[in-house]
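Numbering (my numbering), first residue to last: 160 to 716. Where is the CB? At the ideal position from N, CA and C, for every residue including glycine. Take a look at the structure set out below.
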Amino acid sequence: MDGPFSINVQEHVDDSEITAAFSTVEKIDVADDLQPRGKLSASSDTSQVNLVPSVEDKFEGMPSIDLLDRADKAKNPINQEELEQVSRLVEAKLLDFKVVAQVVAVYPGPVITRFELDLAPGMKVSKISSLSKDLARALSAISVRVVEVIPGKSVIGLELPNKHREIVRLSEVISCKEFEESSSSLTMVLGKDIAGEPVVVDLAKMPHLLVAGTTGSGKSVGVNTMIVSLLYKSTPEDVRLIMIDPKMLELSVYEGIPHLLAEVVTDMKDAANALRWCVAEMERRYKLMSALGVRNLKGYNKKVLGAMKEGEPIIDPLWQPSDGLDQTPPQLEKLPSIVVIVDEFADMMMIVGKKVEELIARIAQKARAAGIHLILATQRPSVDVITGLIKANIPTRMAFQVSSGLNSRTILDQQGAEQLLGMGDMLYLPPGTGVPTRVHGAFIDDHEVHAVVKDWKLRGEPNYIEEILAGGSDPDMLLPGEQPEGSEDEELDTLYDEAVNFVTEKRRVSISSVQRQFRIGYNRSARIVEQMEIQGIVSTAGNNGAREVLAPPPIRD
Numbered sequence: 160m161d162g163p164f165s166i167n168v169q170e171h172v173d174d175s176e177i178t179a180a181f182s183t184v185e186k187i188d189v190a191d192d193l194q195p196r197g198k199l200s201a202s203s204d205t206s207q208v209n210l211v212p213s214v215e216d217k218f219e220g221m222p223s224i225d226l227l228d229r230a231d232k233a234k235n236p237i238n239q240e241e242l243e244q245v246s247r248l249v250e251a252k253l254l255d256f257k258v259v260a261q262v263v264a265v266y267p268g269p270v271i272t273r274f275e276l277d278l279a280p281g282m283k284v285s286k287i288s289s290l291s292k293d294l295a296r297a298l299s300a301i302s303v304r305v306v307e308v309i310p311g312k313s314v315i316g317l318e319l320p321n322k323h324r325e326i327v328r329l330s331e332v333i334s335c336k337e338f339e340e341s342s343s344s345l346t347m348v349l350g351k352d353i354a355g356e357p358v359v360v361d362l363a364k365m366p367h368l369l370v371a372g373t374t375g376s377g378k379s380v381g382v383n384t385m386i387v388s389l390l391y392k393s394t395p396e397d398v399r400l401i402m403i404d405p406k407m408l409e410l411s412v413y414e415g416i417p418h419l420l421a422e423v424v425t426d427m428k429d430a431a432n433a434l435r436w437c438v439a440e441m442e443r444r445y446k447l448m449s450a451l452g453v454r455n456l457k458g459y460n461k462k463v464l465g466a467m468k469e470g471e472p473i474i475d476p477l478w479q480p481s482d483g484l485d486q487t488p489p490q491l492e493k494l495p496s497i498v499v500i501v502d503e504f505a506d507m508m509m510i511v512g513k514k515v516e517e518l519i520a521r522i523a524q525k526a527r528a529a530g531i532h533l534i535l536a537t538q539r540p541s542v543d544v545i546t547g548l549i550k551a552n553i554p555t556r557m558a559f560q561v562s563s564g565l566n567s568r569t570i571l572d573q574q575g576a577e578q579l580l581g582m583g584d585m586l587y588l589p590p591g592t593g594v595p596t597r598v599h600g601a602f603i604d605d606h607e608v609h610a611v612v613k614d615w616k617l618r619g620e621p622n623y624i625e626e627i628l629a630g631g632s633d634p635d636m637l638l639p640g641e642q643p644e645g646s647e648d649e650e651l652d653t654l655y656d657e658a659v660n661f662v663t664e665k666r667r668v669s670i671s672s673v674q675r676q677f678r679i680g681y682n683r684s685a686r687i688v689e690q691m692e693i694q695g696i697v698s699t700a701g702n703n704g705a706r707e708v709l710a711p712p713p714i715r716d
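If you want it as structure tokens, here you go:
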């Protein structure tokens, strides 16, 4: 370990000072790797739903980046000597724990600094991973995260928090070259990576996103960052939004923007109807794409717009003449992508339960080619909220700080999120990879959100679709085994009245008790209890399957 060596450090304009150490060593060489940044130019029949604003509502340009706060200048630039001192201190503390390693590279970032370590032959990575808390104590750090595998390298990573934390502003990330040059209308910015480089993602490639984090971890700010970046990249002709906000606080600020397909949903029964509409719209789009011989929404729009440009618009193949006066077949138009954003998914699961889980599973399984995407956020990443069915169909995960390693495993299938620093510090797991990327989320203040929303409101009014929240009896919008509205009074079981008297008198209800009392099969007994639930005689089944009798006892003669 003795003797001079050179450490390559990638410098960034927003890098900050590292925790000071106390030893004196040789000077470190710093590789200047500043990347130029670009500038963002400021510029009731479900088969007949018009999702694109009318001609007079065509939109030009995007909101000005001047609506966002400018990034603060770095107050604590990189101190090369301190980087070298901390590198030697890390080596010394590891040696105290019988771990022989050498720091070969340092990557300072706005929030944390990664030290890349070359382990001595025969040294196991698992030994260092088990020492993370001891290293944090020895280095006087809040937390230390060990990165066991760095793709493409033979070294491991040790991530230490900076003494002076920089705020990553949305304006500096949204004006980057990667965001400006992206051709996808579903491009979103997340923040900056550990080296201070912007992290830009495409929702179309995810195609769905699961976000989790405790209160104060920056989850809601992260969701707002993604929404605002969509508003800076797409017009209502390209992307339409459905927002579900059980807390009635986080997403209500977006009420009235022209991107919305419906009012911001706060009633969870309306949320279930919105998801049913998405399933029906997904099936309708698949029928249209099948009739046109295309494989995805991009191919559909290309074919439809090409036909309109040639003056030969395509007639809707799903249109059927009705008894109305208008017998003119409609022409196909461009279909926008649809993004469904749920701010607190756990609350919706508690109220609506199994129906929502099945609807989300159907959308997640099939909706990618139809251009429908989900962003689900929750502050309670437990297995009863993020079920196996949901996890299996949503490959892209984003974990902010969580309370335990168990919660980290629930969202990421691996530990690590419990060691994050909060306030926007996250682990982003793209689809098809097993190694998460550490990202420092971009911060956007409330007044910035209001300014962008106000700008879009001045450009046009929303074109709401009433059928989204109204529900209905369309068979395509119902789950298997679910009855349409208005069918609860039809064909009640012949034993229904007797079963109601039995249940209301005993003040207890279960499928097995009705089955034993009337000596009928299980399926018939289950249907009778379900009819009682529809009529309001008994409550819905709780977590343990128990039901409560709501109706009063029968009147005795």
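Leaving out five residues before and five after Pro621 in sequence, what residues of the same chain have Cβ atoms less than 7 Å from its Cβ?
-> Gly415, Ile416, Pro417, Leu419
Beta-carbon gap between Pro147 and Ile570 smaller than 8 Å | Examination of residue 147 is not possible in this model, given that the chain is present from 160 through 716 alone.
Which residues mark the beginning and the end of the alpha helix (DSSP H) in which Ile353 is found?
-> Here Ile353 belongs to no alpha helix (DSSP H), and DSSP marks it neither H nor E.
Which of helix, strand or coil DSSP assigns to Phe602 = strand
Using the C-alpha atoms, what's the distance from Lys525 back to Gln674?
-> 39 Å
Determine which residues share a DSSP beta bridge with Phe274 and list them.
-> Val265, Leu317
In three-state DSSP terms, what is Ile545?
-> coil
Quick one: grab the DSSP three-state call for Met585.
-> strand
Cross-strand partners of Ser496 (DSSP beta bridge) = Val398
Under 8 Å by Cβ, that's how I've got Pro488 and Ile474 pegged, so tell me the actual separation to the nearest angstrom.
-> 5 Å
Euclidean distance between Cα positions of Ser299 and His599 | 22 Å
Counterpart residues of Leu579 in DSSP-defined beta bridges | None; Leu579 has no bridge partner.
Arg120 - DSSP class collapsed to helix/strand/coil | Given a span of 160 to 716 for the chain in the structure shown, any question on residue 120 remains unanswerable.
Given a cut-off of 8 Å, decide if Ile510 and Met427 are closer than it, judged by their beta-carbon atoms.
-> yes
Do Asp361 and Leu349 come within 8 Å of each other at the CB atom, strictly closer than that value?
-> no
Note down the Cα distance separating Leu266 from Ser246, rounded to an integer number of angstroms.
-> The residue asked about is misnamed: residue 266 is Tyr in this sequence, not Leu. Computed Cα separation, rounded: 11 Å.
Proximity below 8 Å, CB of Ile403 to CB of Ala433 = yes
Going straight from the alpha carbon of Val708 to that of Met407, what length do you get?
-> 31 Å
Where the beta strand (DSSP E) containing Leu298 begins and where it ends = First-last for Leu298: undefined, no H or E at that position.
Are the Cβ atoms of Pro713 and Glu664 separated by less than 8 Å?
-> yes
Span of the alpha helix (DSSP H) holding Val438?
-> 427-451
Within 8 Å, strictly: CB atoms of Val327 and Lys312 | no
Would you call the segment 555-563 and the segment 367-385 touching, i.e. three or more CB-CB distances under 8 Å?
-> yes
Among the residues of its own chain, which have a CB less than 7 Å from the CB of Thr373, if the five just before and after it don't count?
-> Gln538, Gln560, Val561, Ser562
Find the nearest neighbour of Pro280 within the set Ile287, Ala260, Ser291, judged by alpha-carbon distance.
-> Ala260
Could you say if the segment 225-241 and the segment 318-327 meet the contact criterion of at least three C-beta pairs nearer than 8 Å?
-> yes
Give the single residue among Gly377, Thr394, Phe338 whose Cα lies nearest to the Cα of Val498.
-> Thr394
Integer Cβ distance of Ala685 from Ile670, believed to fall under 8 Å = 5 Å
For Val214, does the count of other Cβ atoms within 10 angstroms reach 16, so buried, or fall short, so exposed?
-> Annotation note: pLDDT 35 at Val214 (below 50); position unreliable, no value reported.
Are the beta-carbon atoms of Ser291 and Val305 separated by less than 8 Å?
-> yes
Is the beta carbon of Ser302 less than 8 Å from the beta carbon of Gln574?
-> no
So the alpha helix (DSSP H) Leu253 belongs to, where does it begin and stop?
-> 239-255
Residues near Asn460 in its chain [Cβ-Cβ closer than 6 Å; skip 5 each side] | Lys493
From Ala601, Leu317, Val359, residue whose alpha carbon lies closest to that of Glu769 = Residue 769 is absent from the structure shown; the chain starts at 160 and stops at 716.
Could you tell me the boundaries of the alpha helix (DSSP H) in which Asn464 lies?
-> Residue 464 is actually Leu in this sequence, not Asn. Element bounds for Leu464: 456-468.
List the residues that DSSP assigns as beta-bridge partners of Arg678.
-> DSSP, once it has assigned bridges, lists no residue as partnering Arg678.
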